[in-house]
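Structure record follows, encoded as structure tokens.
Residue numbers (the numbering used here): 391 to 720.
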């Protein structure tokens, strides 16, 4: 069947309706790229897969693939040494979770659903990678204190240093020497440094480093000289934290790269399953039945009497099979 015929038949609209039942991007792309086959064996295999999926959904409910993501480009970039950002690692965690869940739903036993089980065997659960990401990142993408002993220690010191510096600046805000000198009694940050707002006319009353100026120029944001050393220590700890976070993310990215091949195969298997279950859902919505496939050019045709008679009791009509030159009653 050529492309012109497919356009005339509006086959693309069928693919779009099928794609609406998919759960993630890869399954959708596969649905939109579908083409009819003239190979009877291929058609029968596709129908058998759809039939297995419909049976599984009827027995166990439809699988949820909404948490899956096609992260093959990110996995490839991790193999080239790029550090994955937390959002990408969380999407990978969720994708692995979907693979684990779907593998349990289908199972690898090919007794009841052999074709689905064959696809399920391509799923890589990757429990160690999933747990490593789960332990290192919270759901907002922030690296947990428990991600490493070093990070836990650094953040503890950070909290102590920040509290010490804040108390020091609050003591200055409440001192008699600075009464009338400050624009207000708030401690803010500029360029990563803690500062206090000083009226420009009283700049000489507060020795320190000016980190910023208000739009009107009436307020200077000054880091008092007495607090510079504490501010330097706080900044050192912040840099240590950034380095440790980078090390943790780099380590997780390395683990992703080490499992690149099975992860890629697992994502492709999820796409195939997504397409199969989308076809099953679409067939159920249409209340479709599988047609009998005959070899091309065949004139020998057997009508499936039991199936038709059981579904249409006491209803008989007559039709003629023009291509077979026979007629039948049902």
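We treat Cβ as the ideally placed atom computed from N, Cα and C, and that holds for glycine.
* **Touching by the beta-carbon criterion (3+ pairs, under 8 Å), the stretch 610-629 and the stretch 550-558** => These segments touch.
* Asked: So which of 627, 588, 598 and 629 has the shortest CA-CA distance to residue 610?
  -> The residue given as residue 610 occupies position 220 in the chain shown. Among 627, 588, 598 and 629, the Cα nearest to that of residue 610 belongs to 588.
* Through-space distance from residue 627 to residue 633, alpha-carbon basis -> Working through the chain shown from its first residue, we reach residue 633 at position 243. Working through the chain shown from its first residue, we reach residue 627 at position 237. Residue 633 and residue 627: Cα-Cα distance of roughly 10 Å.
* Asked: Among 485, 581, 651 and 424, which one has its Cα closest to the Cα of residue 393?
  -> Here residue 393 refers to the residue found at position 3 of the chain shown. It is 424 whose Cα lies nearest to the Cα of residue 393.
* Asked: Out of curiosity, what's the CA-to-CA distance linking residue 529 and residue 479?
  -> Residue mapping note: residue 529 aligns to position 139 of the chain shown, counting from 1. Residue mapping note: residue 479 aligns to position 89 of the chain shown, counting from 1. Spanning the two alpha carbons is a distance of roughly 11 Å.
* Asked: Residues in its own chain within less than 6 Å of residue 598 by CB, not counting five upstream and five downstream?
  -> The residue labelled residue 598 in the question sits at position 208 within the chain shown. Excluding residues up to 5 positions away in sequence, 612, 613, 614 and 615 lie with their Cβ nearer than 6 Å to the Cβ of residue 598 in the same chain.
* Asked: Distance, Cα to Cα, residue 720 vs residue 683?
  -> For the purposes of this step, residue 720 is taken as residue 330 along the chain shown, with counting starting at 1. For the purposes of this step, residue 683 is taken as residue 293 along the chain shown, with counting starting at 1. Only weak support exists for where residue 720 lies, its pLDDT of 32 falling under 50; the value from the coordinates is given anyway. Their backbone Cα atoms lie some 20 Å apart in a straight line.
* How close, in whole Å, do the beta carbons of residue 605 and residue 580 come, if the pair is a contact with beta carbons under 8 Å? -> The residue labelled residue 605 in the question sits at position 215 within the chain shown. The residue labelled residue 580 in the question sits at position 190 within the chain shown. Going by Cβ atoms, the distance from residue 605 to residue 580 rounds to 14 Å, so no, they are not a contact pair.
* For residue 420, three-class secondary structure by DSSP -> By one-based count along the chain shown, residue 420 stands at place 30. Residue 420 falls in the helix class under three-state DSSP.
* Asked: For the candidate residues 436, 419 and 421, whose alpha-carbon lies nearest to that of residue 427?
  -> Position 37 of the chain shown, counting from 1, holds the residue named residue 427. The shortest Cα separation from residue 427 among 436, 419 and 421 belongs to 436.
* To do: Could you check if residue 661 is buried or exposed, using at least 16 other CB atoms within 10 Å of its CB as the buried criterion?
  => Residue 661 sits at position 271 when you count from the first residue of the chain shown. Buried: at least 16 other Cβ atoms inside 10 Å.
* Which value, in whole angstroms, describes the spacing of the CA atoms of residue 583 and residue 575? -> Indexing the chain shown from 1 puts residue 583 at position 193. Indexing the chain shown from 1 puts residue 575 at position 185. Between residue 583 and residue 575, the C-alpha separation is close to 17 Å.
* Would you list the one or two residues that DSSP bridges to residue 584? => Translated into the one-based positions of the chain shown, residue 584 becomes position 194. Per DSSP, 579.
* Asked: Are residue 511 and residue 439 close, meaning C-beta to C-beta below 7 Å?
  -> For the purposes of this step, residue 511 is identified with residue 121 of the chain shown, where counting begins at 1. For the purposes of this step, residue 439 is identified with residue 49 of the chain shown, where counting begins at 1. In this structure, residue 511 sits away from residue 439, with a CB-CB distance that is not shorter than 7 Å.
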